[in-house]
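Residue numbers (the working numbering), protein chains in the order written: chain Z, 46 to 481; chain D, 12 to 304. Below is one structure, written out as structure tokens; comments come after it.
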Amino acid sequence: MKPYGIAAGLAAGLSLLSVNSAFAVTEISWWHAMGGALGETVNEIATNFNAAQDEIVLTPVFKGTYEETLTAGIAAFRAGEQPNILQVFDAGAATVIGAKGAVKPVQDLLEDAGASFDIEDYISGVRYFYADSDGKMIGMPFNSSAPIMYYNEEALEKAGVEAPKTWEEFEQIAPKLKQAGYIPLVQSHLTWEFTENFFSRHNLPFATNNNGYDGAEGTKLLVNTDGLKMMFAKLAAWKQNGHFEWYGTGWSDNQTPFEQGKVALWVGSSGSFGGLTKSATMPFGAVPLPYWEAIAGEDGYQSFIGGAALFAMAGKSEEENKATAKFFEYLTSPEVQLMWHKSTGYVPVTNAAYELAKQQGYYDETPQAEIGIQQLNMKAGEWTRGYRMGFYVQIRDVMNREYGKLFTGETTVDEAFKAIEAEGNQLLERFAKTGS
Amino acid sequence: MNKVRFGHSIVPYLFLLPQMAVVAVFFYLPAGEAVRSSFFLEDPFGFSSTFVGLDNYADVLSSTEYRRVAIFTVWFTVLVAFFALAIALLLAVKADAVLRGAKTYRTLLMWVYAIAPPVAGLLGILLFDQHVGPFVDIASWFGWTLRIGVNYYDTAFAMITTAVWYQVAVNFIFFLSGLQSIPRAVREAALIDCRSGLRRFFTVTLPLLTPTAFFLLVINVTYALFDTFGLIDPMTKNEPGNNPVTLVYKVFLDGFRGNDLGGSSAQSVILMIVVFALTVVQFRFMERRVHYA
Numbered sequence: 046m047k048p049y050g051i052a053a054g055l056a057a058g059l060s061l062l063s064v065n066s067a068f069a070v071t072e073i074s075w076w077h078a079m080g081g082a083l084g085e086t087v088n089e090i091a092t093n094f095n096a097a098q099d100e101i102v103l104t105p106v107f108k109g110t111y112e113e114t115l116t117a118g119i120a121a122f123r124a125g126e127q128p129n130i131l132q133v134f135d136a137g138a139a140t141v142i143g144a145k146g147a148v149k150p151v152q153d154l155l156e157d158a159g160a161s162f163d164i165e166d167y168i169s170g171v172r173y174f175y176a177d178s179d180g181k182m183i184g185m186p187f188n189s190s191a192p193i194m195y196y197n198e199e200a201l202e203k204a205g206v207e208a209p210k211t212w213e214e215f216e217q218i219a220p221k222l223k224q225a226g227y228i229p230l231v232q233s234h235l236t237w238e239f240t241e242n243f244f245s246r247h248n249l250p251f252a253t254n255n256n257g258y259d260g261a262e263g264t265k266l267l268v269n270t271d272g273l274k275m276m277f278a279k280l281a282a283w284k285q286n287g288h289f290e291w292y293g294t295g296w297s298d299n300q301t302p303f304e305q306g307k308v309a310l311w312v313g314s315s316g317s318f319g320g321l322t323k324s325a326t327m328p329f330g331a332v333p334l335p336y337w338e339a340i341a342g343e344d345g346y347q348s349f350i351g352g353a354a355l356f357a358m359a360g361k362s363e364e365e366n367k368a369t370a371k372f373f374e375y376l377t378s379p380e381v382q383l384m385w386h387k388s389t390g391y392v393p394v395t396n397a398a399y400e401l402a403k404q405q406g407y408y409d410e411t412p413q414a415e416i417g418i419q420q421l422n423m424k425a426g427e428w429t430r431g432y433r434m435g436f437y438v439q440i441r442d443v444m445n446r447e448y449g450k451l452f453t454g455e456t457t458v459d460e461a462f463k464a465i466e467a468e469g470n471q472l473l474e475r476f477a478k479t480g481s
Numbered sequence: 012m013n014k015v016r017f018g019h020s021i022v023p024y025l026f027l028l029p030q031m032a033v034v035a036v037f038f039y040l041p042a043g044e045a046v047r048s049s050f051f052l053e054d055p056f057g058f059s060s061t062f063v064g065l066d067n068y069a070d071v072l073s074s075t076e077y078r079r080v081a082i083f084t085v086w087f088t089v090l091v092a093f094f095a096l097a098i099a100l101l102l103a104v105k106a107d108a109v110l111r112g113a114k115t116y117r118t119l120l121m122w123v124y125a126i127a128p129p130v131a132g133l134l135g136i137l138l139f140d141q142h143v144g145p146f147v148d149i150a151s152w153f154g155w156t157l158r159i160g161v162n163y164y165d166t167a168f169a170m171i172t173t174a175v176w177y178q179v180a181v182n183f184i185f186f187l188s189g190l191q192s193i194p195r196a197v198r199e200a201a202l203i204d205c206r207s208g209l210r211r212f213f214t215v216t217l218p219l220l221t222p223t224a225f226f227l228l229v230i231n232v233t234y235a236l237f238d239t240f241g242l243i244d245p246m247t248k249n250e251p252g253n254n255p256v257t258l259v260y261k262v263f264l265d266g267f268r269g270n271d272l273g274g275s276s277a278q279s280v281i282l283m284i285v286v287f288a289l290t291v292v293q294f295r296f297m298e299r300r301v302h303y304a
């Protein structure tokens, strides 16, 4: 992909030289992790932006998976070759925000460039996830998604049940779905959907130090707690009696049986919608991620966003930062957000874009596409803004390992969460030492 | 002192210089850097680092997960090296005896060598995939539900099988050329003395093959320890989860995926020491038994 990026940059540079040599053109680069169809949409946005004005040339470069993109960005930063814009995923946010001086807060970037900025313009669920503890936005939410539940319409009809709103309801209908010949429940991301968002949906604290926002020093995980342990004890029990199935840590290994019509309910991402319309062999609908009424009360709370944000890397000239700010303004305009929302299934990040989608009647045709944003706009609580923990990629790996052991009968719920707590806290402690 | 001495000249050193420069730039420099950073905890962007002494080593060596990975690596290396060598030797001996169509037969056996490791890993995934893998169907005939990515041991089985399959071709080429370099006279003499083919193999052919076998043993252990990275990466699908991984893969996970430079460096220094010790053992104790013709 790199040669392509260089070639595209060269071509763009040359064509501009010949056409517009009188203007000083500012070139900026954007490293992202959007492969396949998503990458094509990213390229389309860049092309449209370059065509819409003639002062800035933006070059998007695909850098691989989220983890690979972050590592490439860090290595480039250390060599002084960092891109202007780096896409960083939820679990990597603490690494970037924790390193003071690696990025220029997007709020400062926009305000310095004389652009108007109001954090209230962003929909409530995405507003503070990439912000600091004072509520200043550091990273610009870009591809944002919510974990939602998709259902197989045929399966529900055959079993004569409705899609569940709560886990209590799920327990009621699961035997009927099983009897109708379906695997009742499957999911694709135990850490994001069933751990992080468990805390958000039920408004429970995930870590000390205000979920880690108040600094890395002394932050401890609160995973070895009754609520979360109950959730996984239930999952393990459901797996035992055939109400839940687990196909490993890989996302698509779990999505495939749903697409094949073998599964009644699948917890995926609101961003899965675009792909599912092409790959699913049966009609499907979507509902918000269920919650335990016994814990959350009548209605659940909003969920954390998944996906990634765009960070303006530090160490760039004022001119380039202005250009980056211009692009961010363009990217958050309602029209561009709506185009992104429609072609990918990720939620629009601003209220204006959401309103525009409603006005245009997009959700009348495809009501499933609205579930994610509805869930992000549900009532907020003290613990629903997000979490900030260093070495979180490794902490997720520890969780996935223990969950895997749990579902293959190698460990118990008590042992698993004891191990996650111990190893997770050790990683947090190590991370705190890197910054001092 | 009646050694022959040449006049001092810098010319030989000049000839050595490029090689030494390459070794220095690509081995000593990074190795030194790894040793240095294994004593620090550093933020990934390099703004600050804290000297922590041997803490990184203590953390690594006291971790139960690291021990689990190390134990798996030992089993993985032993099994991969053993089966890759045994199967290749069997194939080579049989191929050596084939008279008609020998070339076609040999080419077919060497073919796998042309595949790049990540491609071999992808083929491994396709063959063992939970939903579409043909090997999963075959296993189910015997009542075995093979579930890669779910069951730790099933995943280990798939990884070892793929790693062995990939390495057999290389071993086969070396064993075959080793067999063909055994003098005809020796073989014929053996044929007169002993009728049992099996006995001839163990008393005459195998001892004469030991230089090749020893060389291959070293190569195969290194392969299982380091070069299987390209197979393991696609087979774990970027999600280590509950899957078995080797020590080298763990260095990658912590360093490149997790950005824990200190911990990852400490692990790679430990690995360097292990490999150094292993090489010494191999040359000290095993090479004595090797019979160079």
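Backbone N, C-alpha and C fix where the C-beta goes; we use that ideal spot for every residue, glycine too.
Verify whether the separation of the beta carbon atoms of residue 122(Z) and residue 375(Z) is less than 9 Å. For the purposes of this step, residue 122(Z) is taken as residue 77 along the first sequence, with counting starting at 1. For the purposes of this step, residue 375(Z) is taken as residue 330 along the first sequence, with counting starting at 1. No. Outside cutoff.
When you compare each of 87(Z), 115(Z), 117(Z) to residue 104(Z) by their alpha carbons, which one comes out closest? Within the first sequence, numbered from 1, the residue matching residue 104(Z) stands at position 59. Closest option to residue 104(Z), Cα to Cα, is 87(Z).
Are the C-beta atoms of residue 158(D) and some chain Z residue less than 9 Å apart? The count along the second sequence starts at 1 and reaches residue 158(D) at position 147. Chain Z contact via Cβ: present.
Do three or more CB pairs link the segment 109 to 129 of chain Z to the segment 257 to 270 of chain D at distances below 8 Å? yes
Name, going along the chain, the residues of the segment 91 to 117 of chain Z whose beta-carbon falls closer than 7 Å to a beta-carbon of chain D. 110, 112, 116
Could you list which residues in chain Z have their beta carbon closer than 7 Å to that of residue 293(D), in chain order? Start at 1 with the first residue of the second sequence, and residue 293(D) comes out as number 282. The premise fails here: residue 293(D) is roughly 33 Å from chain Z at the closest Cβ pair, so nothing lies under 7 Å.
Helix, strand or coil for residue 148(Z), going by three-state DSSP, please let me know. Position 103 of the first sequence, counted from the start, is the residue given in the question as residue 148(Z). Reduced to three states, the DSSP call for residue 148(Z) is strand.
Could you name the residues of the same chain whose beta carbon sits closer than 7 Å to that of residue 254(Z), not counting the 5 residues immediately before and after it, in chain order? On the first sequence, position 209 is the one that residue 254(Z) refers to. Result list for residue 254(Z): 260, 263, 264, in chain order.
How would you write the range of the alpha helix (DSSP H) that residue 276(Z) sits in, first residue to last? Here residue 276(Z) corresponds to residue number 231 of the first sequence, with the count starting at 1. It spans 271 to 285 - the alpha helix (DSSP H) in which residue 276(Z) sits, taken as one unbroken run.
Since residue 52(D) sits in a beta bridge, which residues does DSSP pair it with? Your numbering for residue 52(D) matches position 41 in the second sequence. The partner list for residue 52(D) (beta bridge, DSSP) reads 61(D).
Within its chain, find whatever has a CB closer than 6 Å to the CB of residue 458(Z); leave out the 5 residues flanking it on each side and keep chain order. Within the first sequence, numbered from 1, the residue matching residue 458(Z) stands at position 413. If we look at residue 458(Z) and ignore the five residues flanking it on each side, its Cβ neighbours are 274, 277, 278.
Look at residue 179(D) and residue 98(D) and say whether their C-beta atoms are less than 9 Å apart. Reading the second sequence from its first residue, position 168 is the one you call residue 179(D). Reading the second sequence from its first residue, position 87 is the one you call residue 98(D). Cβ distance < 9 Å, so residue 179(D) and residue 98(D) count as in contact.
Determine, using beta-carbon pairs with one atom in the segment 462 to 477 of chain Z and one in the segment 295 to 314 of chain Z, whether at least three such pairs fall under 8 Å. no
Tell me which residues share the same chain as residue 357(Z) and place their Cβ nearer than 7 Å to its Cβ, disregarding the 5 neighbours each side in the sequence. Taking the first sequence and counting its residues from 1, one reaches residue 357(Z) at position 312. Hits under 7 Å: 129, 130, 148, 149, 151, 154, 366, 369.
Alpha carbon to alpha carbon, how far is residue 298(D) from residue 232(D)? Give it in angstroms, no decimals. As a first step, residue 232(D) is located in the second sequence; it is residue number 221 there, counting from the start. As a first step, residue 298(D) is located in the second sequence; it is residue number 287 there, counting from the start. Each residue's alpha carbon lies about 15 Å from the other.
Strictly under 9 Å for the Cβ-Cβ distance: is residue 119(Z) near chain D by that measure? On the first sequence, residue 119(Z) is found 74 positions in, with the first residue counted as 1. Judged by the 9 Å Cβ criterion, residue 119(Z) is in contact with chain D.
Short-range partners of chain Z found in the segment 58 to 69 of chain D, where Cβ spacing is below 8 Å: 58, 59, 60, 61, 63
Taking beta-carbon pairs under 7 Å, can you tell me which members of the segment 421 to 451 of chain Z lie near chain A? Protein chains Z and D are contained in the structure displayed, whereas chain A is not.
Residue-chain proximity (residue 129(D), chain Z), Cβ-Cβ < 9 Å: The count along the second sequence starts at 1 and reaches residue 129(D) at position 118. Judged by the 9 Å Cβ criterion, residue 129(D) is not in contact with chain Z.
Between the segment 329 to 344 of chain Z and the segment 272 to 287 of chain D, do at least 3 Cβ pairs fall closer than 8 Å? no
Does the distance from the C-beta atom of residue 180(Z) to that of residue 423(Z) stay below 9 Å? Position 135 of the first sequence, counted from the first residue, corresponds to residue 180(Z). Position 378 of the first sequence, counted from the first residue, corresponds to residue 423(Z). No. Outside cutoff.
Residue-level contact to chain Z via CB, residue 114(D), 9 Å cutoff: The residue given as residue 114(D) occupies position 103 in the second sequence. With 9 Å as the cut-off, residue 114(D) does not count as an interface residue toward chain Z.
Would you tell me roughly how many angstroms separate the C-alpha atoms of residue 371(Z) and residue 232(Z), rounded to the nearest one? Residue mapping note: residue 371(Z) aligns to position 326 of the first sequence, counting from 1. Residue mapping note: residue 232(Z) aligns to position 187 of the first sequence, counting from 1. Taking the straight line from one Cα to the other gives about 39 Å.
What runs of the alpha helix (DSSP H), each 4 residues or longer, lie entirely inside the segment 231 to 256 of chain Z? 242 to 246, 253 to 256
I need the straight-line Cα distance from residue 188(D) to residue 100(D), nearest angstrom please. Reading the second sequence from its first residue, position 177 is the one you call residue 188(D). Reading the second sequence from its first residue, position 89 is the one you call residue 100(D). Rounded to whole angstroms, residue 188(D) to residue 100(D) spans 11 Å at the Cα level.
Please determine, among 165(Z), 144(Z), 311(Z), the residue with the shortest C-alpha to C-alpha distance to residue 222(Z). Your numbering for residue 222(Z) matches position 177 in the first sequence. Answer by Cα proximity: 311(Z).
Burial state of residue 315(Z) (16 or more Cβ within 10 Å): Along the first sequence, one-based indexing puts residue 315(Z) at 270. With 16 or more other Cβ atoms within 10 Å, it is buried.
For chain D, is any of its Cβ atoms less than 9 Å away from the one on residue 260(Z)? For the purposes of this step, residue 260(Z) is identified with residue 215 of the first sequence, where counting begins at 1. No, no contact with chain D.
Interface residues of the segment 230 to 256 of chain D facing chain Z [CB-CB below 9 Å]: 247, 248, 249, 250, 251, 252, 253, 254
Buried or exposed for residue 63(D), going by 16 or more other Cβ atoms inside 10 Å? Translated into the one-based positions of the second sequence, residue 63(D) becomes position 52. Looking at its Cβ environment, which holds 16 or more other Cβ atoms inside 10 Å, residue 63(D) is buried.
Beta carbon of residue 428(Z), beta carbon of residue 239(Z): below 9 Å? Taking the first residue of the first sequence as 1, we reach residue 428(Z) at position 383. Taking the first residue of the first sequence as 1, we reach residue 239(Z) at position 194. Going by C-beta atoms, residue 428(Z) is not nearer than 9 Å to residue 239(Z).
Could you pull the start and end residues of the alpha helix (DSSP H) that residue 386(Z) belongs to? Stepping through the first sequence from its first residue, residue 386(Z) is reached at position 341. Residues 379 to 389.
What are the boundary residues of the alpha helix (DSSP H) that includes residue 178(Z)? For this step, residue 178(Z) is matched to residue 133 along the first sequence. Where residue 178(Z) is concerned, there is no enclosing alpha helix (DSSP H), given that its DSSP letter is neither H nor E.
Using a Cβ cut-off of 7 Å, which residues of the segment 239 to 250 of chain Z contact any Cβ in chain D, in chain order? none
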